[in-house]
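*Asks:* Encoded as structure tokens, here's the structure I'll be asking about.
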Amino acid sequence: TARAAVGAGAWERSDWGLFQRKVGTVRAVVGGSESLCRSLTYMCDGKDIAFLKPVGGAGTNLMHGDFARKLSPSEEALTLHMLKHRRPLQGRRVLVLGAGLGLAGLACAACADAACVHLTD
27 TARAAVGAGA WERSDWGLFQ RKVGTVRAVV GGSESLCRSL TYMCDGKDIA
77 FLKPVGGAGT NLMHGDFARK LSPSEEALTL HMLKHRRPLQ GRRVLVLGAG
127 LGLAGLACAA CADAACVHLT D
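Take the position in the sequence shown, starting the count at 1, then add 26; the result is the number in this note's numbering.
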């Protein structure tokens, strides 16, 4: 459960320039304890796709370091490709392996009219 959104700004270009996004800071319960998180909201085909990235507390001691919490350029590219070519996904079950922060899978669930979307990392 996220609480106390702070500093949710205006729409800006994403790190890799493929989407519009808003960035803010919230306190959320992650792994059973309250943590400070970045709130990211991406505009995907007219729909807001929002997720949290822990920046302090639970969820920040990662085996592969900080890279595991970054949205990669390939994640944005996959999301854009899926939005441009969503017809093959309509009515299908979709499995996203190595979902990372999950932008492509969340956008698929919100925009592609897939029957079911599963994300795993």
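Yeah, the Cβ is synthetic: ideal placement off N, Cα and C, and Gly gets one too.
Everything numeric in this text was worked out from a predicted model, so none of it was measured.
(1) Look up D163 in the DSSP assignment and give the residues it is bridged to.
(2) Note the first and the last residue of the continuous alpha helix (DSSP H) segment covering L129.
(3) By the DSSP assignment, the alpha helix (DSSP H) with K110 in it spans what residues?
(4) Since D71 and C137 should fall inside the 8 Å C-beta cutoff, what is the C-beta to C-beta distance between them, to a whole number of angstroms?
(5) Assess, as a yes-or-no matter, whether the segment 36 to 54 is touched by the segment 94 to 108 under the definition of 3 or more beta carbon pairs within less than 8 Å.
(6) Please work out which residues of its chain come closer than 7 Å, Cβ to Cβ, to G124, disregarding the five sequence neighbours upstream and downstream, and give them in chain order.
(7) Is the beta carbon of K48 less than 7 Å from the beta carbon of T67?
(8) Using the three-state DSSP reduction, which class does R53 fall into: helix, strand or coil?
(9) Please confirm whether G117 and A133 have their CB atoms less than 7 Å apart.
(10) Expressed to the nearest angstrom, what Euclidean distance is found between the alpha-carbon atoms of D139 and L109?
*Replies:* So, to answer that:
(1) Outside the displayed range of the chain (27 to 147) lies residue 163, so it cannot be described from this structure.
(2) Locating residue 129 in the sequence shown gives position 103, counting from the first residue. Element bounds for L129: L129 to C137.
(3) The residue labelled residue 110 in the question sits at position 84 within the sequence shown. From DSSP, the alpha helix (DSSP H) with K110 extends over P99 to K110.
(4) Residue numbering aside, residue 71 sits at position 45 when the sequence shown is read from its first letter. Residue numbering aside, residue 137 sits at position 111 when the sequence shown is read from its first letter. Going by Cβ atoms, the distance from D71 to C137 rounds to 5 Å, so yes, they are a contact pair.
(5) yes
(6) By 1-based counting over the sequence shown, the position of residue 124 is 98. D147, listed in sequence order.
(7) The sequence position of residue 48 within the sequence shown is 22, counting from 1. The sequence position of residue 67 within the sequence shown is 41, counting from 1. Going by beta carbons, K48 and T67 fall inside the 7 Å limit.
(8) For the purposes of this step, residue 53 is taken as the residue at position 27 of the sequence shown. DSSP places R53 in strand when its eight states are reduced to three.
(9) Position 91 of the sequence shown, counting from 1, holds the residue named residue 117. Position 107 of the sequence shown, counting from 1, holds the residue named residue 133. No, they are not a contact pair.
(10) Locating residue 139 in the sequence shown gives position 113, where the first residue counts as 1. Locating residue 109 in the sequence shown gives position 83, where the first residue counts as 1. If you take the alpha carbons of D139 and L109, they lie about 11 Å apart.
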